Structures are given as C-alpha cells and as structure tokens.
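One structure below.
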Amino acid sequence: MSIGMYLASDGKLNVKKMNDTNTFYSLDDLKKFDNSSSIISDIKSNLGLNIYELDSKEKIFTFLNDNDEYFQVEETVDIGVINSYTQKPYIYYIDVFDWKLFYPHLSDYLKNLNSSFELWKIWEDEVDLQSVETRQITKLDVKTLSKIFGSNDFLNPIVGIYE
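Positions 79 to 241 (my numbering) are the ones given, in order, by the sequence shown.
This is the structure we're talking about:
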C-alpha cells in the first residue's frame with residue numbers, strides 16, 4: 079500500500095515551482111563561461127536548438143539545480159481515492175523531494191495561499207471514512223505540519239483543516 083499526501087481547496091492555486099529565483103542567461107552570457115563550449119554543445123544536442131537561429135541577447139537559458147526543489151504541488155486530473163475523502167473541487171498531490179527541508183518550505187508555501195484548505199494523508203488504495211483523524215490547523219508552522227504528514231506509524235487517514 080502506498081501513502082498519498084494532498085492539498086485540497088475551494089479555489090485554484092498557483093502551483094508554480096517553489097524556487098522560481100533562477101537567473102536567466104543569453105547565448106552571449108553563456109559564451110563568457112569557462113565551460114562555454116560544453117554548455118553550447120549540450121544545448122545543441124540535448125535541446126535540439128540551432129543556436130544560429132536564436133537572438134544571442136535574449137535571456138532564455140537557466141541552470142537548474144535539482145537540490146533547489148524540496149517538493150512539488152501538482153493538480154490531480156484523475157479521480158482517485160482522495161475524491162472519496164474531500165468535497166473540495168481542486169485537489170493537488172504533494173510530491174516530496176527532500177524531507178529535511180520539506181516542512182519549512184511547505185509552511186512558507188501554505189502561508190502565501192491566503193485561502194482555506196485541507197491537507198490529507200491517505201492510503202492510496204483504500205477508502206476508510208470512519209477512521210479519518212481530523213485536526214484543526216491554527217498555525218502553519220513546521221511542528222503542526224509534521225503532525226499531519228510526519229508520522230512514521232501511519233495507521234488512519236488524516237486531514238488537517240485550515241480556515
């Protein structure tokens with residue numbers, strides 16, 4: 079059995095990546111790097127771009143660091159077990175990439191939503207409505223969030239409600 083973590087809300091949420099602070103570079107900028115020939119070769123082979131057709135001054139390139147993304151919030155499109163638990167029309171799956179830094183960044187993300195929501199932790203292949211543990215969320219801090227998502231001895235579905 080697998081466990082799923084979800085965010086459910088009445089309104090559509092901004093689900094852009096958490097770290098949207100990447101610097102963008104032009105082709106001219108990239109040519110100034112010590113390893114520019116390797117970078118440009120990667121652009122040609124991996125992206126399939128003809129660099130001679132690009133505006134060399136347009137800032138369209140960035141370097142991605144996999145360590146910068148601690149979690150991702152993705153809108154669910156399929157009807158699944160979570161739909162048996164919540165009546166909220168907008169449901170988002172929470173995918174965690176770095177548990178050590180997950181809670182502080184989730185806390186920041188949730189504080190910026192400015193709307194009510196539900197946080198769910200459920201078994202993905204079982205509906206057990208009678209066993210749902212409901213917790214009112216008054217603070218969006220690390221301690222509160224870890225009480226919903228952090229238990230290693232997960233037995234029952236949990237919902238945290240923030241209004």
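Here a beta-carbon is modelled for each residue, glycine too, at the ideal position from N, C-alpha and C.
The structure displayed is predicted, hence computed values, not measured ones.
Residues Y148 of the same chain have their beta carbon placed closer than 6 Å to that of D176, with the five preceding and five following residues left out of the count.
Under DSSP, Q150 shares a beta bridge with D173.
DSSP, read as helix, strand or coil, puts K166 in coil. Distance from the CA atom of L125 to the CA atom of L188, rounded to whole angstroms, is 34 Å. Inter-residue distance for V174 and M83 is about 9 Å (C-alpha atoms, whole angstroms). Sequence-distant partners of I129 (beyond 5 residues in either direction) whose C-beta falls short of 7 Å from its own C-beta, in its chain, are L105, I118, I121 and K122. Runs of the beta strand (DSSP E) lying entirely within the region 190 to 234, each at least 3 residues long, are 195 to 201 and 211 to 215 in chain order. With fewer than 16 other Cβ atoms from the protein chains shown falling within 10 Å of its own Cβ, G89 counts as exposed.
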